[in-house]
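Below is one structure, written out as C-alpha cells; comments come after it.
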Amino acid sequence: MASWIAASRCMTDSRSPWVKLRRNPAAIVSMLILIVVALAAIFGPSLLPAGAGEVTRNSFLPPSEQHLFGTDLNGRDLLYRVLLGARISMLVGIAGALVSFAVGIIYGMVSGYAGGQADSVMMRLVDVLYAIPRLIFLLVLISALDPLLRRSMETHGLQVLIGYSKIIILILCLGLTEWLTMARIVRGQILSLKSQQFVLAARSIGQSHFNIIFQHLFPNLLGVALIYLTLTVPAVILDESFLSFLGVGVQAPLASWGLLLSDAAQVINPLKGYWWLLVFPAIAMSLTLLALNFLGDGLRDALDPRERR
Amino acid sequence: MLRFVAKRVLGLIVILFCVITITFFLVRLTPGGPFDRERKLPEHIEKQLLAKYKLDGPLLEQYINYLGDLLHGDLRLSTKYRSRSVNEILADSLPVSGLLGGIAFFAATVGGVLLGSLAAAKQHTWIDRNAMLAALFAISLPPFVVGPLLVLVFAIYIPLFPVGGWGNLQSLILPSITLAAPYTAYIARLTRASMLEVLTQDYIRTARAKGLSENAVIYKHALRVAILPVVSFLGPLAANLLTGSIVVESIFSIPGAGGFFVNSVLNRDGFLLAGVVIVYCTLLVLFNLVVDVLYGFLDRRITLYD
C-alpha cells in the first residue's frame, strides 16, 4: 500500500517537472544569474566607452570609477576583458556541449539499438578512449588541426575568420572528446526503451530502423540527455579555461576567463598584490559555473522521481 | 583469486600495448617534428639528430625497435631535455608528484567519506545543506582559481605559508588543499547519495531495532556497504593524483611530473609522453585491480571468480 502511494505520487510529480523546478530556490537564482551573465556578455562590451579594450599606458591601475575592475598589464580595462571573456567562454561552452551532445547521442543510440557484437565493440572503444588521458587527445588534435584550418582559411579568402580559428578548433576538439559519458547514458536508455511495446508496435507496422530510432526512441531519451547537456556546458567551459590557462587555448587580443586567470597567476607575487586581476575573473567564472551546476542538479532532481524521498 | 589476479595482469599487458601503440602513432603521424624550429636545421645535422634519437628509418621498423627497447626497461632519450633519458626524468619527478598526490588522496578520501556520511546522517538539517553547498562550490571552482586565491590570502596578505617551492613541510599544505578540494567534494556527494540509499534497507532497520547507537549503525553497518561506489572511484583518482597535476605544480612551482603530460605533446617529445602515459596506465589498471579485490573484502556478496 505504502509503496503504491509512493509510486502514484512519483507519477503525479513527474508530470510537472517545471513546477518542481520552480519550487527549488537555488535553481531559480541560478537561472537569473545565467540570464544576467548572458545579457552582460552580449551587450556589455558595446555599452562600455569606446577604446576600453585598447592597449594603453595605464597598466595595473587599481579599480576606480573610470575602470570599475581596474586595468591589466597592457593597460586594457579589465571589465571589458571579463565581459569579452564571458562571451567567448559561454560560446565555446554551449557550442562545444552541443557538438558532444550530437556525437554522444548518435553513437549511443546506434550502439544500444544495434546490440550484440556491434554494441560490445563500440562500447569497448569507449572504454579504451576513457583510459587514455583526454588532455593528450586534446593537445594533439589542437596542435594538428589549428595550422590546417588556418591554411585552408587563407587559401579560401576567409582572412576575416583567421583570428577566430582557434575558437572553432576549441569547440570542435572539446566537443569531440567530451561525448563519452553522454554515449553511455544514451545507450543505457536505449537498452531499456527498445524492449518496450511501442518499439515492437512500430516494428510490426513495418517502420524502418532509422524511423524507429529518430521518431520513436529519440523523443523518449531527450529529457535525460538534455539534463546531461546542462551539466556538460560547465564541464566544457572548465576544459576551455584549463586549455587557455596552459596557453594552448584562446589567445590575446581575444580573452577567455581561463586566459585572464592565467595572466593573473603569472603577475601575482608577494611584492605586487594585483588582486583585482585574479578576483574579478574568478568571481565571474565561478558564479557562472556554480549557476550551471545548480541548474543541472535542480533539473535532474525535478525529472528523476527516485531522487525525491 | 589468483586466477583472477593473473587474468587482470594479462589484461594490463594488452591495454598497455594498445595505449603505447596509439600514443606512438598519434605523435608520429601528426604534422611537425621534435626538431622543427623557426629556422630549418641543415639537412645533415637533422639527419644526425634523428639517428641519435632513433627516429630514422621506416615508421613500422621504428615502432618495433621501440617496443624492443621498452621490454628492456629503456624508455629512451627525451628529445627536448637533451641528453637526459626518460627514465632519469621520471625518477626525479615522479616521487615529488607522488608525495603531494598521496597526501591529497588521503585527505580527499578521509575528508570526503566523513563529510558525506555526516551529511547523510543529518539529512534535512543545516549541516547537510551547508555541507552539500560547500561541496558544489568546491566542484565548480577549478584549481587555477582556488590555488592563486589561496596564495593571495594565506601567503601574501596573511603570510602563513610560502608562496611556492618545494622542500619543507609548510610548502606542502596549500598545494595539497588545492589538489584535494574538488575530489573531497565529489567523494562527499558520492558517499551521501549512497549512504541515503543504504539507510533505507532492512538490515539497517534490524540494527536499529537491536538498539545499537546511531553512530554504530552509520559508521559500522551502513558505511561498509555505502562506501562501495566511493571505492570504485578511488582507482582512477589515485592514478590521477599520483602522476601529478600541471596546474597545481605550475602555480606553486613544484618540480613534479604533471607538466610533462602537456609539454611533451607540445614539444613533440614522443618518448617522454609515452613514458608518462605508460606510468599513468599501469597505475590506473593496478589501482583498479586493487579496488576490485577490496570490493570482495568489503562486500562478501560480490564474487570475483566467474
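From first to last, the protein sequence lines stand for chains A and B.
For the first sequence, the residue numbers in the working numbering are 223 to 531.
For the second sequence, the residue numbers in the working numbering are 4 to 309.
Just so it is clear, CB atoms sit at the ideal spot from N, CA and C, and this is done for glycine as well.
Which chain A residues are close to Tyr177 (chain B), counting only those with a beta carbon under 8 Å from its beta carbon?
Checking the sequence shown, residue 177 (chain B) turns out to be Leu, not Tyr. Neighbours of Leu177 (chain B) on chain A: none; closest Cβ ~13 Å, over 8 Å.
Mind checking which residues open and close the alpha helix (DSSP H) that includes Asp485 (chain A)?
Trp479 to Val489
Looking only at its chain, what residues have a beta carbon closer than 7 Å to the beta carbon of Asp272 (chain B), apart from the 5 residues adjacent to it on each side?
Pro37, Ser81, Thr82 and Lys83
Output yes if chain A places a C-beta closer than 9 Å to the C-beta of Tyr66 (chain B); else output no.
no
Trp169 (chain B): which of B:Ala225, B:Val99, B:Arg87 and B:Gly238 sits nearest, CA to CA?
B:Val99
So, under 8 Å CB-CB, Ser253 (chain B) and Gly262 (chain B) are touching, yes? Tell me the CB distance rounded to an integer number of Å.
7 Å
Run of the alpha helix (DSSP H) containing Asp368 (chain A), from where it starts to where it stops:
Arg356 to Thr377
Reducing DSSP to helix, strand and coil, say where Leu80 (chain B) ends up.
strand
Val314 (chain A) beta carbon less than 9 Å from that of Leu392 (chain A)
yes
Whole angstroms are fine: how far does the CA of Ile23 (chain B) sit from the CA of Gly326 (chain A)?
26 Å
Alpha carbons only, please: which of A:Val501, A:Ser466 and A:Asp485 is nearest the one belonging to Arg310 (chain A)?
Per the sequence presented here, residue 310 (chain A) reads as Ile, with Arg not at that position. The shortest Cα separation from Ile310 (chain A) among A:Val501, A:Ser466 and A:Asp485 belongs to A:Ser466.
Taking Cβ positions, are Leu243 (chain A) and Leu521 (chain A) nearer each other than 9 Å?
yes
What does the alpha-carbon distance come out to for the pair Ile390 (chain A) and Ala260 (chain A)?
20 Å
Once you ignore the five residues that flank Gly518 (chain A) on each side, which residues in its own chain have a CB closer than 7 Å to its CB?
Ile449, Thr452 and Leu453
To the nearest angstrom, report how far apart Leu15 (chain B) and Leu73 (chain B) are at their CA atoms.
15 Å
Looking at Ile106 (chain B): is its Cβ nearer than 9 Å to the Cβ of Ala183 (chain B)?
yes
DSSP three-state label for Asp523 (chain A), please.
helix
Would you check if the distance between the CB atom of Asp349 (chain A) and the CB atom of Glu400 (chain A) is smaller than 9 Å?
no
Asp205 (chain B): first and last residue of the uninterrupted alpha helix (DSSP H) it sits in
Asp205 to Ala212
Proximal chain A residues relative to Tyr186 (chain B), where beta-carbon distance stays under 7 Å:
Result: empty, since nearest Cβ-Cβ is about 15 Å, beyond 7 Å.
Through-space distance from Lys57 (chain B) to Val89 (chain B), alpha-carbon basis
14 Å
Can you find at least 3 beta carbon pairs, one from the stretch 270-286 of chain B and one from the stretch 232-247 of chain B, that sit closer than 8 Å?
yes
Using 8 Å as the cut-off, can you tell me whether the stretch 180-194 of chain B makes contact with the stretch 137-147 of chain B, which would need three or more C-beta pairs spanning the two stretches below that distance?
yes
Alpha carbon to alpha carbon, what distance is there between Ile25 (chain B) and Val421 (chain A)?
39 Å
Quick check: is the beta carbon of Ser143 (chain B) nearer than 9 Å to any beta carbon in chain A?
yes
Apply the 10 Å Cβ neighbour rule to Gly60 (chain B) and answer buried if 16 or more other Cβ atoms are within range, or exposed otherwise.
exposed
Below 7 Å CB to CB, which residues in the same chain sit around Ala224 (chain A) once its five sequence neighbours on both sides are set aside?
Annotation note: pLDDT 42 at Ala224 (chain A) (below 50); position unreliable, no value reported.
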